[in-house]
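According to our numbering, the residues represented by the sequence shown are 31 to 392, in order.
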Amino acid sequence: MLADVDYMDRALFMAARGLGRTTPNPLVGAVIVSPDGVVVGAGYHERAGEPHAEARALRQAGGAARGATLYCTLEPCCHHGRTPPCADAVIAAGIARVVMAIEDPNPRVAGGGAARLREHGVHVDTGVRRADASRLNRPFFSVMQRGRPWVIAKAATSLDGRVADAAGARTKLTGAVADRRNQVLRASVDAIAVGSGTILVDDPLLTVRDVYRERPFTRVVFDRRLRTPASARVFAAPAAGPVLIVTTAATAAAHAERVRALERAGATIVTVDTGTMGEAMRALVPHGVQSLLLEGGPAVHRAAFAGHVVDAVRLFVTPGPLGERGVPWLSATDLTWSSLRDVRVEPCGEDVMIEGDVYRAD
31 MLADVDYMDR
41 ALFMAARGLG
51 RTTPNPLVGA
61 VIVSPDGVVV
71 GAGYHERAGE
81 PHAEARALRQ
91 AGGAARGATL
101 YCTLEPCCHH
111 GRTPPCADAV
121 IAAGIARVVM
131 AIEDPNPRVA
141 GGGAARLREH
151 GVHVDTGVRR
161 ADASRLNRPF
171 FSVMQRGRPW
181 VIAKAATSLD
191 GRVADAAGAR
201 TKLTGAVADR
211 RNQVLRASVD
221 AIAVGSGTIL
231 VDDPLLTVRD
241 VYRERPFTRV
251 VFDRRLRTPA
261 SARVFAAPAA
271 GPVLIVTTAA
281 TAAAHAERVR
291 ALERAGATIV
301 TVDTGTMGEA
311 MRALVPHGVQ
321 SLLLEGGPAV
331 HRAAFAGHVV
341 DAVRLFVTPG
351 PLGERGVPWL
361 SATDLTWSSL
371 RDVRVEPCGE
381 DVMIEGDVYR
391 AD
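Structural data, given as structure tokens:
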């Protein structure tokens with residue numbers, strides 16, 4: 031029904047207001063509509079540990095919730111966490127019908143919320159704006175279904191696909207508009223990651239600048255050889271958020287003094303067995319990382335593409351070439367434009383932003 035779509039669109043709009051603040055919980059919006067079509071309550075999940083979207087909408091609706099329809103972007107929960115089960119609150123409020131966009135993949139829910147509602151006489155419809163709801167919560171779904179974060183590979187390249195003038199050279203490519211767009215993206219994800227090569231060449235802070243971010247920002251360095259110096263600037267902004275150094279258990283054991291120096295500087299050492307990108311990504315989930323912006327450099331990006339852990343690409347292309355001496359970003363075997371779907375192209379000042387989702391048959 032057209033009305034169902036309209037009200038679900040409003041719930042999706044509400045849900046998106048929690049972007050960057052709800053991890054490890056999903057983004058959820060809820061709208062309550064009376065039998066005569068009046069919106070009597072609306073809410074969204076603002077922060078982990080605080081009331082869920084359904085609870086906020088029910089509180090706003092009060093007695094008007096009885097006999098009304100609840101539109102929610104995700105299946106109401108049916109388990110006790112830091113907040114009571116939303117399904118029970120919906121039943122107690124006398125909601126007559128629930129329209130949910132998509133089922134919750136969390137094993138603690140996974141259809142249980144809808145089943146409980148139906149058992150108590152609530153009519154439940156599913157699938158309205160399913161694709162939009164799934165896209166909104168791709169990081170949450172990725173962790174629940176694949177055990178790893180949703181990964182966005184971001185790079186800035188010249189017109190001829192180079193990321194630096196020469197190996198080891200710091201090269202500024204993008205202008206102010208593109209830089210601002212990247213800061214907005216940083217503010218929306220849980221973590222940023224680079225390889226140790228980027229730390230050694232660029233010595234970045236890896237912080238969110240000029241854009242408000244409410245929560246700490248996790249900084250990740252993939253460093254199989256433990257080359258990150260304890261004097262790196264990434265440790266100079268402890269208030270920005272934790273710094274995770276991901277290395278192998280064998281490397282950490284062989285370089286115990288480096289480990290101690292990095293820990294004194296403020297790092298948390300995360301060890302994995304094989305050092306593959308898939309294993310490294312999965313190791314970030316216990317540290318509250320559901321969405322990750324992978325900013326490079328090229329070696330880390332190539333390893334991530336080879337390990338099939340890149341889900342989306344954001345590329346800023348500058349108008350001029352760097353020439354044959356420049357460092358290439360990726361090869362045609364790593365990424366082709368035909369392997370992207372939902373490609374979007376947008377001017378950013380003098381630069382152009384290209385973004386799309388990585389298509390894989392699996």
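Cβ atoms here follow ideal geometry from the backbone N, Cα and C, with glycine treated the same way.
Can you tell me whether DSSP reads residue i as helix, strand or coil?
i, result
"residue 183", "strand"
"residue 74", "strand"
"residue 398", "What the structure shows of the chain is the stretch from 31 to 392, and residue 398 is not part of that stretch, so it cannot be assessed."
"residue 274", "strand"
"residue 68", "coil"
"residue 60", "strand"
"residue 88", "helix"
"residue 370", "strand"
"residue 173", "helix"
"residue 116", "helix"
"residue 364", "coil"
"residue 121", "helix"
"residue 149", "helix"
"residue 141", "coil"
"residue 165", "helix"
"residue 37", "helix"
"residue 93", "helix"
Using DSSP's beta-bridge definition, name the partner residues of residue i.
i, result
"residue 280", "DSSP, once it has assigned bridges, lists no residue as partnering residue 280."
"residue 130", "102, 156"
"residue 375", "384"
Nearer than 8 angstroms: is that true of the beta carbon of residue i relative to any heavy atom of the ligand FAD?
i, result
"residue 231", "As presented, the structure is devoid of all ligands, the ligand FAD included, so that no description of it is given."
Near residue i, what residues of its chain come up, given a Cβ to Cβ distance below 7 angstroms and the 5 sequence neighbours on each side ignored?
i, result
"residue 158", "34, 35, 38, 129, 131"
"residue 372", "386, 387"
"residue 55", "75, 78"
"residue 332", "360, 364"
"residue 171", "135, 164"
"residue 227", "327, 329"
"residue 229", "251, 258, 262, 264"
"residue 30", "The structure shown does not extend to residue 30, since the chain is modelled only from 31 to 392, so the question has no answer here."
Taking residue i and residue j to be in contact with their CB atoms under 8 angstroms, please state how far apart those CB atoms are, rounded to whole angstroms.
i, j, result
"residue 50", "residue 243", "7 angstroms"
"residue 104", "residue 66", "Contact flag wrong, Cβ pair sits at about 26 angstroms."
"residue 200", "residue 232", "6 angstroms"
"residue 262", "residue 246", "Rounded, the Cβ-Cβ distance is 18 angstroms, inconsistent with contact."
"residue 219", "residue 57", "At roughly 13 angstroms, the Cβ-Cβ gap does not stay under 8 angstroms, so residue 219 and residue 57 are not in contact."
"residue 97", "residue 73", "Not quite, the Cβ-Cβ distance comes to about 19 angstroms (not below 8 angstroms), so this is no contact."
"residue 102", "residue 80", "At roughly 16 angstroms, the Cβ-Cβ gap does not stay under 8 angstroms, so residue 102 and residue 80 are not in contact."
"residue 329", "residue 205", "Rounded, the Cβ-Cβ distance is 26 angstroms, inconsistent with contact."
"residue 295", "residue 260", "4 angstroms"
"residue 181", "residue 340", "5 angstroms"
"residue 169", "residue 321", "4 angstroms"
"residue 189", "residue 46", "Actually they do not touch by this definition, with Cβ atoms about 34 angstroms apart."
"residue 179", "residue 61", "Actually they do not touch by this definition, with Cβ atoms about 29 angstroms apart."
"residue 146", "residue 122", "Wrong, their Cβ atoms sit about 12 angstroms apart, outside the cutoff."
"residue 256", "residue 317", "Actually they do not touch by this definition, with Cβ atoms about 18 angstroms apart."
"residue 42", "residue 162", "6 angstroms"
"residue 152", "residue 120", "7 angstroms"
Can you name, in chain order, every residue of its own chain whose Cβ lies under 6 angstroms from the Cβ of residue i, other than the five neighbours on each side?
i, result
"residue 345", "185, 384"
"residue 289", "282, 299"
"residue 99", "63, 127"
"residue 236", "222, 249, 264"
"residue 144", "105, 154"
"residue 342", "182, 387"
"residue 87", "60, 62, 71, 72, 73"
Can you find a CB in chain E that lies within less than 9 angstroms of the CB of residue i?
i, result
"residue 263", "Among the chains of the structure shown, chain E does not appear; only one protein chain is present."
Whose C-beta lies closer than 8 angstroms to the C-beta of residue i among residues of the same chain, with five residues either side of it excluded?
i, result
"residue 187", "193, 203, 345, 346, 347, 348, 359"
"residue 278", "254, 301, 302, 303, 304, 305"
"residue 354", "none"
"residue 214", "241"
"residue 196", "355, 356, 357"
"residue 370", "343, 386, 387, 388, 389"
**Message:** Runs of 4 residues minimum, wholly inside the region 283-358: which ones carry the alpha helix (DSSP H) assignment?
**Reply:** DSSP runs (the alpha helix (DSSP H)) wholly in the region 283-358: 286-295, 307-312, 328-336.
**Start-end ranges of the beta strand (DSSP E) lying completely within the region 189-238, minimum 3 residues** = Uninterrupted beta strand (DSSP E) stretches at least 3 residues long and entirely within the region 189-238 occur at 192-194, 221-225, given in chain order.
**Message:** So within the region 240-271, which uninterrupted beta strand (DSSP E) runs reach at least 3 residues, ignoring any that extend past its ends?
**Reply:** You should have 248-252.
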